[in-house]
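Asks: Encoded as structure tokens, here's the structure I'll be asking about.
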Amino acid sequence: MRVVVDFDLCESNALCMAAAPEVFEVRDDDFLYVLQENPPEELRPKVEEAARRCPKQAITIED
Amino acid sequence: MERVAVVGASLAGFRAVETLRAEGFEGAVTVVGAEPHLPYDRPPLSKQVLAGTWDETRLPLVPIGTTLDDLDVGWRLGTTATGLDVAGHTVVLDGGDRLPYDGLVVATGTRVRTLPGQPDLEGIHVLRTVDDALALRAAFERTPDRVVVVGAGFIGAEVAATARMRGLDVTLLEALAVPLERVLGLELGALCADIHRDNGVDLRVATVVERFVDDGRGRVAGVVLSDGTTIEAGVVVVGVGVVPNTEWLDGSGLTIENGVLCDATCLAAPDVVAAGDVARWYNRRFDEVMRVEHWENAQEQGAHAARRLLGRDEPYAPVPWFWSDQYDRKLQLAGRSRPDDEMRVVEGSFAERRFVALFGRGDRLVGVLGMNRPRPVLQFRQLIADGASWRDALAAAS
Numbered sequence: 109m110r111v112v113v114d115f116d117l118c119e120s121n122a123l124c125m126a127a128a129p130e131v132f133e134v135r136d137d138d139f140l141y142v143l144q145e146n147p148p149e150e151l152r153p154k155v156e157e158a159a160r161r162c163p164k165q166a167i168t169i170e171d
Numbered sequence: 380m381e382r383v384a385v386v387g388a389s390l391a392g393f394r395a396v397e398t399l400r401a402e403g404f405e406g407a408v409t410v411v412g413a414e415p416h417l418p419y420d421r422p423p424l425s426k427q428v429l430a431g432t433w434d435e436t437r438l439p440l441v442p443i444g445t446t447l448d449d450l451d452v453g454w455r456l457g458t459t460a461t462g463l464d465v466a467g468h469t470v471v472l473d474g475g476d477r478l479p480y481d482g483l484v485v486a487t488g489t490r491v492r493t494l495p496g497q498p499d500l501e502g503i504h505v506l507r508t509v510d511d512a513l514a515l516r517a518a519f520e521r522t523p524d525r526v527v528v529v530g531a532g533f534i535g536a537e538v539a540a541t542a543r544m545r546g547l548d549v550t551l552l553e554a555l556a557v558p559l560e561r562v563l564g565l566e567l568g569a570l571c572a573d574i575h576r577d578n579g580v581d582l583r584v585a586t587v588v589e590r591f592v593d594d595g596r597g598r599v600a601g602v603v604l605s606d607g608t609t610i611e612a613g614v615v616v617v618g619v620g621v622v623p624n625t626e627w628l629d630g631s632g633l634t635i636e637n638g639v640l641c642d643a644t645c646l647a648a649p650d651v652v653a654a655g656d657v658a659r660w661y662n663r664r665f666d667e668v669m670r671v672e673h674w675e676n677a678q679e680q681g682a683h684a685a686r687r688l689l690g691r692d693e694p695y696a697p698v699p700w701f702w703s704d705q706y707d708r709k710l711q712l713a714g715r716s717r718p719d720d721e722m723r724v725v726e727g728s729f730a731e732r733r734f735v736a737l738f739g740r741g742d743r744l745v746g747v748l749g750m751n752r753p754r755p756v757l758q759f760r761q762l763i764a765d766g767a768s769w770r771d772a773l774a775a776a777s
């Protein structure tokens, strides 16, 4: 799977980081960093949860 | 359980449906929604939609990992539930239809409160639905001389900010001494007042509308304030809070007390759960019965309520979280702060307009507010979830 973040929508609310810290990190510069663009399949539930939790619906998952 | 009815077609109801299917429920799901729209997202209404940067086609909620069609829902939109028979497991709809269920999710949310004696004049707006937002945006596009916003809560503040960013002159009225006093207390509320004024908003605190001025042709011409002055305006937005939609449940047997009363697991009655703005439940984490009007709660409680209906009786005990975008500032608030809590700025400063403030009550950390500091808000939210003491929280901050 490929994790795609629309950075025009992303406002660094960091809820994705709470749901899937292996994939999403909001750093001290307040920007979101995608740590793994192609996370392993076992992380899918967490990545989907992160996508759901994003208040801006900025995360999409491409297969 | 073979048939689930969800009454309420906004975020909580939508997430409940998504969760039912994700958990393997294959029975019939019927969603009843009063608005004539499929579920859509409300936060952009006071921001991007009102600003004119988004059109309304970007609002519909989309499920993750599946499609709307694959959710296989029977949609009853533009339909209002008018009654509930808990023992008989039946929802009564307007028009007299009866909708039987094995499990019910009540997610009818809230509607806007109006001012006492508020007249029905053109030019007086509220903001709750996409139709409200489009009407208000059209009013903004006609470049009124002045917009009056009544209420400096989160909605009023965002409407004022968006109007201001569109270049309109704005007068913002707040009944209390500072905006958001009941949520943030006097010091932080005063900062919010400063930020409005920094951005050129004419903020009047400790001020209410005495009456509306009618132009004699059915349009609003202004408002008369409690201090006797008159503000002329062709657009007045009333943002003085919301009330839960529970009238349809009178006499149903559910306990209605500022919302639908639920236990710690979101159960309101056998085979009935509630979620979102309408639900008032016992949050074990704060030992408090609460009703939360924020986006994230609608989402998470909708999911939890669906799982509860399917038999998973875990308590729903979140640390509530909220965000608000005002001008170029992003506020994030987590926990359950009260105006009389101890408030301490632990990072940044008011002057920088970038900081983290913690709220303590007794020896507990109960809340965190960040202004343009998302990462520490997340970290302190976790500390609140862990039951951190006030002392440990302050230690973590340094």
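For the record, the sequence lines run as chains A and B.
The first sequence maps to residues 109 to 171 in my numbering.
The second sequence maps to residues 380 to 777 in my numbering.
Just so it is clear, CB atoms sit at the ideal spot from N, CA and C, and this is done for glycine as well.
Check the DSSP bridge columns for E611 of chain B and list the partner residues they point to.
Replies: E611 of chain B is bridged to B:G601.
Asks: What in chain A is Cβ-close to G444 of chain B, meaning under 7 Å?
Replies: Correct list: E156.
Asks: For E636 of chain B, return the contacting residues in chain A, with the cut-off set at a CB-CB distance below 9 Å.
Replies: The contacting residues do not exist; E636 of chain B stays about 29 Å from chain A at best.
Asks: Evaluate contact between the stretch 589 to 606 of chain B and the stretch 619 to 638 of chain B, counting only Cβ atoms and requiring at least three cross-stretch pairs below 8 Å.
Replies: Taking 8 Å as the limit for Cβ pairs, the verdict is that the stretch 619 to 638 of chain B does not touch the stretch 589 to 606 of chain B.
Asks: So, L744 of chain B versus A772 of chain B, is the Cβ gap smaller than 7 Å?
Replies: Taking 7 Å as the Cβ cut-off, L744 of chain B and A772 of chain B qualify as a contacting pair.
Asks: Using a Cβ distance threshold of 8 Å, determine whether the stretch 149 to 166 of chain A contacts the stretch 448 to 468 of chain B, with at least three qualifying pairs required.
Replies: Contact fails: fewer than three Cβ-Cβ distances are below 8 Å.
Asks: Starting from R110 of chain A, trace the beta strand (DSSP E) both ways and give me its first and last residue.
Replies: R110 to V113 is the extent of the beta strand (DSSP E) around R110 of chain A.
Asks: Assign V617 of chain B to one of three DSSP states: helix, strand, or coil.
Replies: V617 of chain B: strand per DSSP, three-state reduction.
Asks: Is any beta-carbon of chain A found at less than 7 Å from that of L744 of chain B?
Replies: Closer than 7 Å: no.
Asks: Would P498 of chain B and F591 of chain B be called neighbours here (beta carbons separated by less than 7 Å)?
Replies: Their beta carbons are under 7 Å apart, which means P498 of chain B touches F591 of chain B by this criterion.
Asks: Smallest Cα separation from T458 of chain B: which of B:T487, B:L483 and B:A430?
Replies: Looking at the Cα atoms, B:T487 is the closest of the given residues.
Asks: Could you tell me how far apart the beta carbons of F729 of chain B and L563 of chain B are, in whole angstroms, since I believe they sit closer than 8 Å?
Replies: About 12 Å; that fails the 8 Å criterion.
Asks: Going along chain A, which residues have a C-beta under 9 Å from P422 of chain B?
Replies: Result: P163 and K164.
Asks: Give me the Cβ distance between L633 of chain B and V651 of chain B, rounded to the nearest whole Å; I'm assuming they're in contact under 8 Å.
Replies: Confirmed, Cβ separation roughly 7 Å.
Asks: If distances are taken between C-alpha atoms only, which option among B:R455, B:W454, B:L472 and B:G453 comes closest to G462 of chain B?
Replies: Closest by alpha carbon: B:L472.
Asks: Closer than 8 Å between beta carbons: that is the criterion. Which residues of the stretch 749 to 760 of chain B meet it against chain A?
Replies: The residues in question are N751, R752, P753, R754, V756, L757 and R760.
Asks: Buried or exposed, going by whether 16 or more other CB atoms sit within 10 Å of the CB of M380 of chain B?
Replies: Exposed, by the Cβ-count rule.
Asks: Do you know how far the Cα of F701 of chain B is from the Cα of D449 of chain B?
Replies: One C-alpha to the other measures close to 31 Å.
Asks: If you draw a straight line from the alpha carbon of F533 of chain B to that of L478 of chain B, how long is it in whole angstroms?
Replies: Looking at the two C-alpha atoms, the distance is approximately 36 Å.
Asks: Count Cβ pairs between the stretch 116 to 134 of chain A and the stretch 755 to 764 of chain B that sit closer than 8 Å; are there 3 or more?
Replies: Yes: at least three Cβ pairs fall under 8 Å.
Asks: At the 7 Å Cβ level, is R91 of chain A part of the contact set with chain B, yes or no?
Replies: Nothing can be reported for residue 91 of chain A, as the shown portion of chain A is limited to 109 through 171.
Asks: Quick test of your reading: L429 of chain B and A512 of chain B, contact by CB under 8 Å. State the CB separation rounded to the nearest angstrom.
Replies: Contact flag correct, Cβ pair sits at about 6 Å.
Asks: For the stretch 697 to 711 of chain B against the stretch 656 to 672 of chain B, do three or more pairs of beta-carbon atoms, one drawn from each stretch, fall closer than 8 Å, so that the two count as touching?
Replies: Enough Cβ pairs lie closer than 8 Å, so yes.
Asks: Looking at G739 of chain B and W769 of chain B, is the spacing between their C-beta atoms short of 7 Å?
Replies: Contact flag set, yes.
Asks: Check the Cβ-Cβ distances between W769 of chain B and every residue of chain A, and say whether any is below 7 Å.
Replies: Taking Cβ atoms only, chain A never reaches closer than 7 Å to W769 of chain B, which makes this a no.
Asks: Over the uninterrupted alpha helix (DSSP H) stretch that includes C124 of chain A, give me the two end residues.
Replies: Looking at the DSSP string, the run of the alpha helix (DSSP H) that includes C124 of chain A is L123 to A127.
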